[in-house]
Structures are given as structure tokens and as C-alpha cells.
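In full-length UniProt numbering, the protein residues as written are 1 to 386. Scroll down for the structure; my scribbles are underneath it.
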């Protein structure tokens, strides 16, 4: 599991940024005449030929045939109407492809394409002749156009905020949940927008070809923005799945310093005793922090709570053995050792000459019994001894 943690932390960021980039490409298509071929729908006007409004008059047609003049008028073409050879319909704008170059309208949210005005069909004999199916398809497209623009913009904003929340998820669990929610909402919007675009533009393409094919006006759908939209949706979906897994199974990462709970107690996750280090056969080796003196807990001996030292002296030959007993252990000293060099300030006070030892005083610094009597209980025997 630990080996997969770097991937779980890295992949959502990559997927979110890639999805965000693809959405930006769709949104910015047509800006400053860039990416004009990333279209949803393309209309070809190169073969456009619309009969004049007077061509339906039988009298004028017969008069033109007899006189050799043109009383009905010439048909309308792309050049006579001042149209480009083709038009591409993008998400927020449309672009006209002229022989000299490409000209795109200013992009804005809610842009909608209207053949009557953009292709100048209202100035031809086709004015007012649009079939009901085409009118219904255009009405559906106008509503969908607003949704597509808003949906892609909101999706891009959510995907831009998700990595920021993901960076904070290592310290705050709510940030990971927030990132998962943001990416999930973005994936839902991307899926809905892409599906709506496919359904709407296919219907519009069918109705345009059905209504104007006889006049030489043809249209076709584009696969570029639809493919980018689906790829962006898949990337966002993968990122949301990974973020949801991370949010449901957070892995506690040790960050910063390890702080001891109190002096003399363990500071690891299992609350092991610091003083027990190395005492058991299965004890773990000290880590980095426990090897640094600053981070280890100090060991203090509370002297005021220790019992008084006890002394037992025995004379063996010419040497005096002194046993000092304390809670820390037992040690035997023979008089004359270098470790006990120096005269005792209490020597020769009521005992044999040269006798040294530890005064029997309490820690409260009050004498409880005569020091001399403790060592020589029969000192008064010279006055009345046997």
C-alpha cells in the first residue's frame, strides 16, 4: 500500500490538469482566429445557388423567354451574397473561411448560429420557408448553446480548484473530500455537456441538409471538440475515483517532529517506554529522533523521595569494610581505596582514631540519634565496665 501512495497522490493532479487543458482548448477555439477547424458543425456554401424570388412567376419566366431578357433575376450564390466558402460553428463563436483567410466572430457565452442571418438566407427566396423540423432543431440548439458554454466554464473552474484542495489533503481530511467533490462535479458536467453537444449538433446537421440540400447548402458535424470533451471527461472521472478512494481510506503520514507526551514516557505510536529500550529481546531499535539527545526524554532521580543510606561496618584485620546500601544497588568499599580519598570531616568524633564513615543524618538535616553511640554503643564502659 505504501508503494502505491505516491501514485495516488500524483495521478489525480495530472489527470485534473490534463482535463483542464483540454477544456481550455475547446473554450478558446476561434479566439483571435485560432483553431478554426475545431468545430461542431460546418456548413459548405461553395455550391450555394438559390433561385430568385421572381423565378416562381410563370408570366415573367415566359416574358424572359420571348424577349431574351432576364425579368426574373439571377440566382443567389455565395459570392453574390458576400458569403465565405464555408463556415465552422465552434463552442463560443463561428468562423468564416474566405479564400484570403479565416475570420472569426468575437467569442462570447451563449453564442448561437442562425442560418437566416449568418448565411443571409432571409434576403433570398428561402425567407419564411424553413420547415418546422428545422425551426425546432434551431430552438433546441439555442438552448443547448447556453448550457454548453456555462458547463465547460464551470468544469474548467472546478478542475482548477481541485489540485489546490488536493495539496491540502495531506494535512486536512476535509480538503481531500472537497477535491473529490469538485472533480466529481466537473466530470458530471463534462459528460452532460459532451452528450448534449453530440445529440444537438447531429439533429441540427440532419435538418439543415434536409432543408437546404436542394439549394446547394450542405453541412457536416465535426469530431474534434466532441473527442476532446470525452477525453476530458474520462480524465476527470479517473481523478475523481482516485480522490474518492483517498478520501475513504486516508493514510496517516508522519509529518514534522515527534513530540513526547511526558517526561519518562514513550513518544511513538505504540506508547512504548523510553526506559525500556533494549531491555527486551524483541525491542525495536531506536529511530533517528531517539538517537538525538534533544528529542529523548530526560531521566531524573528524585533524591528527596529516596530512603536514607544505610552503613554497616565490619572490622576485618586492620581494614574496615564499609557497605553502603541504596536503592540503586550495593557497593563495598575498603578503607584506603583511591576512590574514597580524603579525610572524612566527621572522623575521630567520639570513636576510634582514624575511623571514617557517613554520618547518620536524616535528609531533613536534623540529628535523630547520637552519631558516636551509633558506632560505639559501649563508649561508657570505662567508668563501669566488667
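Backbone N, C-alpha and C fix where the C-beta goes; we use that ideal spot for every residue, glycine too.
Could you please give me the residues that DSSP links to residue i through a beta bridge?
{"i": "residue 41", "result": "89 and 221"}
{"i": "residue 129", "result": "Looking at the DSSP assignment, residue 129 forms no beta bridge with any residue, so it has no partner."}
{"i": "residue 397", "result": "Since the displayed the chain opens at 1 and closes at 386, residue 397 lies outside it and no answer follows."}
{"i": "residue 77", "result": "49"}
Is it buried or exposed, residue i, if we count other Cβ atoms within 10 angstroms and call 16 or more buried?
{"i": "residue 113", "result": "buried"}
{"i": "residue 248", "result": "exposed"}
{"i": "residue 42", "result": "buried"}
{"i": "residue 132", "result": "exposed"}
{"i": "residue 36", "result": "buried"}
{"i": "residue 100", "result": "exposed"}
{"i": "residue 110", "result": "exposed"}
{"i": "residue 90", "result": "buried"}
{"i": "residue 136", "result": "exposed"}
{"i": "residue 201", "result": "buried"}
{"i": "residue 10", "result": "exposed"}
{"i": "residue 212", "result": "buried"}
{"i": "residue 207", "result": "buried"}
{"i": "residue 74", "result": "exposed"}
{"i": "residue 144", "result": "buried"}
{"i": "residue 129", "result": "exposed"}
Let me make sure I understand the geometry here. Which of the options has the alpha-carbon closest to that of residue i?
{"i": "residue 163", "options": "150, 146 and 184", "result": "184"}
{"i": "residue 16", "options": "215, 225, 190 and 95", "result": "190"}
{"i": "residue 180", "options": "148, 207 and 238", "result": "238"}
{"i": "residue 165", "options": "176, 156 and 89", "result": "176"}
{"i": "residue 83", "options": "20, 119, 106 and 197", "result": "119"}
{"i": "residue 151", "options": "48, 26 and 14", "result": "26"}
{"i": "residue 167", "options": "243, 21 and 50", "result": "243"}
{"i": "residue 107", "options": "88, 141, 31 and 182", "result": "31"}
{"i": "residue 38", "options": "50, 23, 52 and 48", "result": "23"}
{"i": "residue 160", "options": "29, 236 and 220", "result": "236"}
{"i": "residue 51", "options": "231, 224, 230 and 217", "result": "217"}
Please report how far the alpha carbon of residue i lies from the alpha carbon of residue j, in whole angstroms.
{"i": "residue 222", "j": "residue 81", "result": "25 Å"}
{"i": "residue 138", "j": "residue 204", "result": "7 Å"}
{"i": "residue 148", "j": "residue 125", "result": "33 Å"}
{"i": "residue 158", "j": "residue 46", "result": "42 Å"}
{"i": "residue 174", "j": "residue 241", "result": "16 Å"}
{"i": "residue 34", "j": "residue 194", "result": "22 Å"}
{"i": "residue 12", "j": "residue 198", "result": "27 Å"}
{"i": "residue 155", "j": "residue 104", "result": "25 Å"}
{"i": "residue 49", "j": "residue 78", "result": "8 Å"}
{"i": "residue 228", "j": "residue 188", "result": "15 Å"}
{"i": "residue 14", "j": "residue 134", "result": "43 Å"}
{"i": "residue 85", "j": "residue 246", "result": "53 Å"}
{"i": "residue 209", "j": "residue 178", "result": "47 Å"}
{"i": "residue 215", "j": "residue 76", "result": "10 Å"}
{"i": "residue 400", "j": "residue 116", "result": "Outside the displayed span of the chain (1 to 386) sits residue 400, for which this structure offers no information."}
{"i": "residue 87", "j": "residue 182", "result": "36 Å"}
{"i": "residue 44", "j": "residue 21", "result": "30 Å"}
{"i": "residue 233", "j": "residue 28", "result": "18 Å"}
{"i": "residue 96", "j": "residue 153", "result": "25 Å"}
{"i": "residue 127", "j": "residue 98", "result": "25 Å"}
{"i": "residue 102", "j": "residue 94", "result": "10 Å"}
Does the Cβ of residue i lie closer than 7 Å to at least one heavy atom of the ligand MN?
{"i": "residue 47", "result": "For the ligand MN, the structure offers nothing, since it holds no ligand at all."}
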